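J.:
There are 2 protein chains.
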Amino acid sequence: MEKRVRQALMDIVGEENFTDALIDLVSFSSDASKFQHRPDGAVWPQNTDQVASIMKLATEYGLPVTPRGAGTSLTGTAVPQRGGIVLDMSRMNKILKIAIEDRLVIVQPGVVFDDLQKALDPYGFFFPPDPASGKVSTLGGNVGTNAGGLKGAKYGVTKDYVLGLEVVMADGSILRTGSKCMKSVSGYDFTRLFVGSEGTLGVITEITLKINPKPLSIQTCTAWFEEIKQAGMAVSEIMRSGIIPSALEFVDGNCLKAVNQATDLDLPEVGAMLFVETDGYTKEETNYQMAKAIECIKRHNGKNITKATSPEEAEKLWTARKAAYGVLARLNNTIIVEDVTVPISTIPDILTKIQDISDRHNVLIPTLGHLGDGNFHPCIVYDGTDADETARVEQAIGEIFKVAIEMDGTLTGEHGIGLDKAIFMPLEHDEIAMKLMSRLKTLFDPNNILNPGKMGLEV
Amino acid sequence: MEKRVRQALMDIVGEENFTDALIDLVSFSSDASKFQHRPDGAVWPQNTDQVASIMKLATEYGLPVTPRGAGTSLTGTAVPQRGGIVLDMSRMNKILKIAIEDRLVIVQPGVVFDDLQKALDPYGFFFPPDPASGKVSTLGGNVGTNAGGLKGAKYGVTKDYVLGLEVVMADGSILRTGSKCMKSVSGYDFTRLFVGSEGTLGVITEITLKINPKPLSIQTCTAWFEEIKQAGMAVSEIMRSGIIPSALEFVDGNCLKAVNQATDLDLPEVGAMLFVETDGYTKEETNYQMAKAIECIKRHNGKNITKATSPEEAEKLWTARKAAYGVLARLNNTIIVEDVTVPISTIPDILTKIQDISDRHNVLIPTLGHLGDGNFHPCIVYDGTDADETARVEQAIGEIFKVAIEMDGTLTGEHGIGLDKAIFMPLEHDEIAMKLMSRLKTLFDPNNILNPGKMGLEV
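The listed protein sequences derive, respectively, from chains F and H. To get this note's numbering, take the position in the first sequence, counting from 1, and add 3. To get this note's numbering, take the position in the second sequence, counting from 1, and add 3.
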């Protein structure tokens with residue numbers, strides 16, 4: 004990094020908030036994906052004005068800037084692909100306002116998802132999206148990737164709760180979008196444009212979020228299915244039945260085997276295990292919904308239907324689902340977690356097709372996810388040092404995306420495009436859409452310094 | 004209109020779908036707002052390709068194009084301010100797909116809101132936003148203005164249900180946004196950008212909407228308050244109490260007087276009347292929520308709390324609210340319906356301030372609306388032929404916007420900017436935001452032919 008840039012950055016954030024020490028640059032060179040690229044330096048900005056000064060400097064010197072939260076991205080979104088500066092937002096982590104009376108909170112981007120939930124708990128309110136990474140991931144990252152989670156079918160995803168943003172633009176100017184109101188149709192919806200834009204349009208420095216009152220009654224139930232297709236059909240029917248479960252999750256047989264290898268849960272190694280959660284204010288409301296769900300499960304030969312009678316039992320029922328990721332990651336030295344999403348009715352079909360892809364390419368693809376909104380995660384587990392297996396994995400992934408798009412699906416439900424899916428963008432978006440995305444990027448970031456190389460925009 | 008343009012338009016849509024007859028042009032010169040401007044011609048396109056050809060022609064000749072649904076805009080959005088062509092979309096009115104199994108519908112923009120509800124009813128599903136204009140307004144117009152309604156607090160507004168769009172761009176190219184999935188974070192969110200853009204970025208030719216299962220239990224209750232401020236405080240407390248009513252409406256004393264003049268409802272002419280609706284799957288769920296709401300109402304001296312014991316009784320309770328608009332419109336020869344929106348906790352304060360503005364300028368401002376999401380409608384009723392009163396009305400409106408913005412409110416919750424609020428945009432949005440909106444408009448519509456003159460974009 005040029006001496007004068009280095010000095011200018013230290014002048015802006017203070018020496019203690021700048022680093023170009025190798026050990027730091029190495030840790031900033033990767034996120035939770037397989038991708039790696041080393042930045043030239045990293046800063047921990049303390050406030051919006053510092054971010055603005057950094058962007059002015061970056062514009063002056065044409066330096067790439069990659070904003071970063073907790074680095075939990077599974078697609079390489081937080082990897083500084085073109086070097087330059089990593090903007091670690093984790094020290095801008097204040098909850099600025101909790102306004103239950105206005106049904107909103109105002110936070111800095113570095114606030115950890117779970118810390119917001121803990122702060123809201125005493126008021127009986129919560130922020131509904133619940134990414135699996137919530138214990139560590141930051142709200143800035145959640146907004147940047149439009150994070151979703153287990154409660155998507157009923158409660159939607161991050162974008163459904165972002166009321167307004169403060170964003171530092173590429174040239175260092177500060178844009179305020181949206182409002183503190185539940186409703187507004189005043190001008191173009193820049194707020195939604197920044198949500199899911201992966202730091203390519205601006206640096207988010209403040210977030211206004213809508214919050215909800217917490218449900219008071221929750222019911223949980225699990226069921227087994229001999230064939231994964233039956234689970235898919237049960238889900239499709241539940242979503243038609245007139246209710247919306249607060250969670251509708253599944254793990255397939257490969258996940259069950261893996262969990263058994265690593266735990267003493269002694270699960271049945273059947274085709275799939277389904278997890279249903281219903282919520283409401285009253286027991287009658289959750290009973291009604293659960294009864295409906297169980298009807299659908301039975302109609303598709305769901306076995307061993309188990310209802311939790313206490314929060315502890317519910318927690319136990321969830322163990323298999325919640326343990327799955329960690330367990331799968333230990334099966335081999337490399338794991339890739341995809342998150343194709345399809346129209347709900349095509350779930351049984353695509354689950355079968357993914358099994359077929361797994362068999363044909365002799366690649367292990369345990370699959371789990373949020374079936375209620377058609378979003379699930381084929382987890383490709385393999386030996387990344389084995390060139391032949393790696394080649395087969397890449398073929399398998401390509402085919403998974405292809406079948407998903409053929410079924411009117413999308414490349415990603417909640418993880419984003421990043422580097423991982425960049426080359427697949429034209430599969431889903433035609434030339435007109437791709438060109439417009441590139442031109443929009445250029446409008447917001449004429450010198451292409453904001454997280455460059457992501458989302459397949461350089462067409 | 005130039006002869007060759009006239010002929011070219013007829014060649015595209017057929018003679019029977021073109022008009023430049025004075026009687027038609029006069030009716031196309033206005034919508035439900037006070038604004039008027041005559042177009043040079045109007046067409047009723049039958050399909051997307053015709054719209055594409057029209058836009059190519061419009062680009063070639065630099066003709067302004069104003070898309071129009073049912074013309075129910077209260078802000079002049081559908082008025083062809085610069086002449087040119089009106090694109091009446093009302094004959095593209097097919098429901099293309101009802102896919103309950105995928106929780107979505109695909110419609111053409113000319114489908115009337117209520118017709119979609121009627122089509123969904125047999126399946127036990129519904130499209131939650133419910134604009135007051137729903138009996139006549141079209142879904143294309145609803146999307147173009149991000150229409151909201153009585154159920155906003157619990158169910159959100161139109162943008163929360165738009166999954167994808169087909170849009171004809173200014174140059175005639177056809178853009179497809181979003182997907183048929185419940186979740187997608189694949190590329191920039193163009194879908195949300197078009198929602199609420201009032202036809203200034205493209206012409207919407209197909210809409211994919213998320214739908215919800217219908218609640219099975221609904222409860223309705225009304226209460227009177229001596230002072231409007233007490234009603235506002237009750238609302239603010241209800242929204243803090245841990246529930247979200249499916250409707251939380253009010254009418255003020257001026258509305259009650261007007262309704263009494265025009266009907267035999269014989270309502271108490273108190274400060275305000277509040278309407279609460281709760282919904283769920285079970286009676287216990289709606290009871291629980293209604294009990295909570297009534298606690299809050301009592302704590303703020305709500306009187307004569309009346310619960311409906313049948314759908315017929317509920318309908319009767321709603322009469323006062325639903326009759327209000329029509330009745331107010333008959334009080335004088337001119338009515339302007341504003342829809343400022345504020346953070347929920349500031350409702351009592353702004354209601355008082357609007358009463359004060361009404362008194363100071365000696366202007367009648369009956370107010371009603373959707374307090375659950377802080378969105379309400381000051382209806383300015385006056386003699387539009389009286390220059391002095393008209394001047395006082397304009398002052399009063401300016402002050403209403405000013406106090407709303409001072410309270411972190413927004414100019415419009417659901418009616419849009421159009422022509423009516425164009426000059427007030429800089430009150431809410433600073434120069435950076437206004438410039439970015441203009442540059443975005445130019446990116447999508449370089450020749451400024453798409454509904455030009457709207458939203459205050461020409462800064």
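Cβ atoms here follow ideal geometry from the backbone N, Cα and C, with glycine treated the same way. Only a predicted model underlies this, so the values are computations on that prediction, with no experimental measurement involved.
Can you name the residues that DSSP bridges to T309/H?
T.: For this step, residue 309/H is matched to residue 306 along the second sequence. T309/H is bridged to T225/H.
J.: Mind checking whether A326/F and G274/F have CB atoms under 8 Å apart?
T.: Along the first sequence, read from residue 1 onward, the residue named residue 326/F stands at position 323. Along the first sequence, read from residue 1 onward, the residue named residue 274/F stands at position 271. No. Outside cutoff.
J.: So, with DSSP's three-state summary, where would you put S361/F?
T.: The residue given as residue 361/F occupies position 358 in the first sequence. Helix, per DSSP.
J.: Mind pulling the beta strand (DSSP E) runs of 3 or more residues that sit fully within the stretch 229-262 of chain F?
T.: Counting only runs of 3 or more, we get 250-255.
J.: Output, in chain order, the set of chain H residues within a Cβ distance shorter than 8 Å of S239/F.
T.: Along the first sequence, one-based indexing puts residue 239/F at 236. Those are E104, listed as they occur along chain H.
J.: Would the stretch 55-74 of chain F and the stretch 101-111 of chain F be scored as touching if the rule is three or more Cβ pairs under 8 Å?
T.: Verdict: no, contact absent.
J.: Considering only their Cβ atoms, is the gap separating L414/H from K405/H smaller than 8 Å?
T.: Position 402 of the second sequence holds residue 405/H. Position 411 of the second sequence holds residue 414/H. Cβ atoms of K405/H and L414/H: not closer than 8 Å.
J.: Report yes or no: do the stretch 221-229 of chain H and the stretch 5-16 of chain H share at least 3 C-beta pairs separated by less than 8 Å?
T.: Because the criterion of three Cβ pairs below 8 Å is not met, the stretch 221-229 of chain H and the stretch 5-16 of chain H do not touch.
J.: Tell me the rounded alpha-carbon separation between D342/H and V262/F.
T.: Here the question's residue 342/H lines up with position 339 in the second sequence. Here the question's residue 262/F lines up with position 259 in the first sequence. Their backbone Cα atoms lie some 55 Å apart in a straight line.
J.: Can you find a C-beta in chain F that's less than 8 Å from the C-beta of A317/H?
T.: Stepping through the second sequence from its first residue, residue 317/H is reached at position 314. Not an interface residue.
J.: Where do the ends of the alpha helix (DSSP H) carrying R324/H lie?
T.: Residue mapping note: residue 324/H aligns to position 321 of the second sequence, counting from 1. Run containing R324/H: 314-332, per the alpha helix (DSSP H) assignment.
J.: Kindly indicate if chain F contains any beta-carbon less than 8 Å away from that of V206/H.
T.: As a first step, residue 206/H must be located in the second sequence, where it is residue number 203. So, not an interface residue.
J.: Between the alpha carbons of E240/F and I246/F, how many angstroms are there, rounded?
T.: Here the question's residue 240/F lines up with position 237 in the first sequence. Here the question's residue 246/F lines up with position 243 in the first sequence. Distance between the alpha carbons of E240/F and I246/F is about 10 Å.
J.: Could you tell me which of T75/F, G256/F, L60/F sits nearest to D174/F, measuring between CA atoms?
T.: Numbered from its first residue, the first sequence carries residue 174/F at position 171. It is L60/F.
J.: Could you tell me which of Y164/F, S182/F, M92/F sits nearest to S140/F, measuring between CA atoms?
T.: Walking along the first sequence from the start, residue 140/F turns up at place 137. When only C-alpha atoms are compared, the closest one is M92/F.
J.: With a threshold of 8 Å, are at least 3 pairs of Cβ atoms found where one atom belongs to the stretch 168-182 of chain H and the other to the stretch 179-191 of chain F?
T.: At 8 Å Cβ cutoff, the stretches do not touch.
J.: Throw me the rounded Cβ distance for the I400/F and I383/F pair, which I believe falls under 8 Å.
T.: Stepping through the first sequence from its first residue, residue 400/F is reached at position 397. Stepping through the first sequence from its first residue, residue 383/F is reached at position 380. Yes, I400/F and I383/F are in contact; Cβ-Cβ is about 6 Å, under 8 Å.
J.: Is the CB of H432/H under 8 Å away from at least one CB in chain F?
T.: What you label residue 432/H is simply residue 429 of the second sequence in a count that begins at 1. Yes, H432/H counts as interfacial toward chain F.
J.: Check whether the Cβ atoms of L443/H and R442/F lie closer than 8 Å to each other.
T.: Against the second sequence, residue 443/H aligns to sequence position 440. Against the first sequence, residue 442/F aligns to sequence position 439. Result no, Cβ atoms of L443/H and R442/F do not sit closer than 8 Å.
J.: Could you name the residues of the same chain whose beta carbon sits closer than 6 Å to that of A122/H, not counting the 5 residues immediately before and after it, in chain order?
T.: In the second sequence, residue 122/H corresponds to position 119, counting from 1. So the qualifying residues of the chain are I98.
J.: Compute the distance between the beta-carbons of L166/F and G205/F, then report whether it is under 8 Å.
T.: Your numbering for residue 166/F matches position 163 in the first sequence. Your numbering for residue 205/F matches position 202 in the first sequence. It is not a contact, given that the beta carbons lie outside the stated cut-off.
J.: By a C-beta neighbour count over all protein chains shown, 10 Å radius and 16 as the cutoff for buried, is N50/H buried or exposed?
T.: Your numbering for residue 50/H matches position 47 in the second sequence. Its Cβ having fewer than 16 others within 10 Å, N50/H is exposed.
J.: Bridge partners of G167/H, per DSSP?
T.: The count along the second sequence starts at 1 and reaches residue 167/H at position 164. Paired residue(s): G181/H, T211/H.
J.: Check whether chain H comes within 8 Å of P216/F, counting only Cβ atoms and requiring the distance to be less than that.
T.: For this step, residue 216/F is matched to residue 213 along the first sequence. Yes, its Cβ sits closer than 8 Å to a Cβ of chain H.
J.: The alpha helix (DSSP H) with D391/H in it runs from where to where?
T.: To locate residue 391/H, count along the second sequence from 1; it is residue 388. Residues 390-409.
J.: Can you say whether R324/H is buried or exposed, counting buried as having 16 or more other CB atoms within 10 angstroms of its CB?
T.: Along the second sequence, one-based indexing puts residue 324/H at 321. Buried, by the Cβ-count rule.
J.: According to DSSP, simplified to helix, strand and coil, what is G205/F?
T.: Residue numbering aside, residue 205/F sits at position 202 when the first sequence is read from its first letter. Coil at G205/F, not helix or strand.
J.: Taking just the CA atoms, how far does L374/F sit from N378/H?
T.: In the second sequence, the residue the question calls residue 378/H occupies position 375. In the first sequence, the residue the question calls residue 374/F occupies position 371. If you take the alpha carbons of N378/H and L374/F, they lie about 35 Å apart.
J.: Quick one, which of V198/H, T203/H, Y126/H has its alpha-carbon nearest P216/H's?
T.: Taking the first residue of the second sequence as 1, we reach residue 216/H at position 213. Of the listed residues, the one whose Cα sits closest to P216/H is Y126/H.
J.: Which residue marks the beginning of the beta strand (DSSP E) containing Q90/F, and which one marks its end?
T.: Within the first sequence, the letter at position 87 stands for residue 90/F. The question names Gln, yet the displayed sequence has Leu at residue 90/F. Start and end: 88-91.
J.: Using CA coordinates, which residue listed in E318/H, G79/H, L12/H is at the minimum distance from L268/H?
T.: Translated into positions along the second sequence, residue 268/H becomes position 265. For the residues E318/H, G79/H, L12/H, the minimum Cα distance to L268/H belongs to E318/H.
J.: Please list the partners that D376/H has in chain F, where partner means a Cβ-to-Cβ separation under 9 Å.
T.: Position 373 of the second sequence, counted from the start, is the residue given in the question as residue 376/H. Correct list: R106, C184, M185, K186.
J.: Q49/F by DSSP, collapsed to three states: which one?
T.: Indexing the first sequence from 1 puts residue 49/F at position 46. Coil, per DSSP.
J.: Just the C-alpha distance for L277/H and P218/H, rounded to the nearest angstrom, thanks.
T.: Along the second sequence, read from residue 1 onward, the residue named residue 277/H stands at position 274. Along the second sequence, read from residue 1 onward, the residue named residue 218/H stands at position 215. Straight-line Cα distance between these residues: approximately 22 Å.
J.: Would the stretch 308-316 of chain F and the stretch 327-334 of chain F be scored as touching if the rule is three or more Cβ pairs under 8 Å?
T.: Judged by Cβ distances under 8 Å, the stretch 308-316 of chain F makes no contact with the stretch 327-334 of chain F, as fewer than three pairs qualify.
J.: The beta strand (DSSP E) spanning Y284/F covers which residue range?
T.: As a working mapping, residue 284/F is identified with position 281 in the first sequence. That residue, Y284/F, is in no beta strand (DSSP E); it is neither H nor E in DSSP.
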